[in-house]
Amino acid sequence: MRCDQVIGLNERATPFTTGERVLDCYMISVTEHLDGTKEDPVRSEVFRSTCLRLPSGNKFSGMYESSYDLDKYIHDDGREYTEFVQAEPWASGPCFFLALKDKDGNVVKETLWTDEEIRDNA
Numbered sequence: 004m005r006c007d008q009v010i011g012l013n014e015r016a017t018p019f020t021t022g023e024r025v026l027d028c029y030m031i032s033v034t035e036h037l038d039g040t041k042e043d044p045v046r047s048e049v050f051r052s053t054c055l056r057l058p059s060g061n062k063f064s065g066m067y068e069s070s071y072d073l074d075k076y077i078h079d080d081g082r083e084y085t086e087f088v089q090a091e092p093w094a095s096g097p098c099f100f101l102a103l104k105d106k107d108g109n110v111v112k113e114t115l116w117t118d119e120e121i122r123d124n125a
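What follows is the structure in structure tokens.
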């Protein structure tokens, strides 16, 4: 069977695509039952990430007229990274290996797949 295989980013890209978990607020909830009884309030923490993942507006095409979105990652501190297709070897269909570029278009070397990794994962 022939099909697209989106391998995606390698594990070394994780620090560039995730932010820190930051406490955003506390949520207080009270459960009130139909009989009028109430449970004790429960306080839970609500976190947000310091990195936002959005579609970049760029796409890449696979077989059979399929297309896939490439994402961008915007950090609170102004860093921005965008996915691109680094390699697409064939193994019963194209295998798409993604890496990252910074907002100036420079390749983030840590996110590149090695030839060996591509060979072993295709």
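If you want the working numbering, it's the position in the sequence shown, counting the first as 1, plus 3.
Where a beta carbon is used, it is the ideal one built from N, C-alpha and C, also for glycine.
Since we're looking at a predicted model, the values are computed, not measured.
**Message:** Rounding to the nearest angstrom, what Cα-Cα distance links E68 and D80 in this structure?
**Reply:** Translated into positions along the sequence shown, residue 68 becomes position 65. Translated into positions along the sequence shown, residue 80 becomes position 77. Answer to the nearest angstrom: the Cα atoms are 38 Å apart.
**Request:** Alpha carbon to alpha carbon, how far is P44 from D107? Give it in angstroms, no decimals.
**Result:** Within the sequence shown, numbered from 1, the residue matching residue 107 stands at position 104. Within the sequence shown, numbered from 1, the residue matching residue 44 stands at position 41. Rounded to whole angstroms, D107 to P44 spans 49 Å at the Cα level.
**Message:** Excluding the 5 residues flanking N124 on each side, which residues of the same chain have their C-beta closer than 6 Å to its C-beta?
**Reply:** Reading the sequence shown from its first residue, position 121 is the one you call residue 124. So the qualifying residues of the chain are I10.
**Prompt:** Just curious, the alpha helix (DSSP H) that R122 is in, first and last residue?
**Reply:** Here residue 122 is taken as the residue at index 119 of the sequence shown, counted from 1. Looking at the DSSP string, the run of the alpha helix (DSSP H) that includes R122 is 118 to 124.
**Message:** On the DSSP letters alone, give me the boundaries of the beta strand (DSSP E) that T85 sits inside.
**Reply:** As a working mapping, residue 85 is identified with position 82 in the sequence shown. Looking at the DSSP string, the run of the beta strand (DSSP E) that includes T85 is 83 to 90.
**Message:** Mapping the DSSP letters down to three states, classify K106 as helix, strand or coil.
**Reply:** As a position in the sequence shown, residue 106 is number 103, starting the count at 1. DSSP places K106 in coil when its eight states are reduced to three.
**Terminal residues of the beta strand (DSSP E) in which P58 lies** = The count along the sequence shown starts at 1 and reaches residue 58 at position 55. Unbroken beta strand (DSSP E) run through P58: 54 to 64.
**Item:** Distance, C6 Cα to M66 Cα
**Value:** Taking the sequence shown and counting its residues from 1, one reaches residue 66 at position 63. Taking the sequence shown and counting its residues from 1, one reaches residue 6 at position 3. Straight-line Cα distance between these residues: approximately 7 Å.
**Asked** Cβ atoms of E86 and T53: under 7 Å apart, would you say?
**Response** By one-based count along the sequence shown, residue 53 stands at place 50. By one-based count along the sequence shown, residue 86 stands at place 83. It is not a contact, given that the beta carbons lie outside the stated cut-off.
**Request:** Look at the alpha carbon of E35 and the alpha carbon of L26, and state the distance between them as a whole number of angstroms.
**Result:** Residue numbering aside, residue 35 sits at position 32 when the sequence shown is read from its first letter. Residue numbering aside, residue 26 sits at position 23 when the sequence shown is read from its first letter. Going by the C-alpha atoms only, they are around 27 Å apart.
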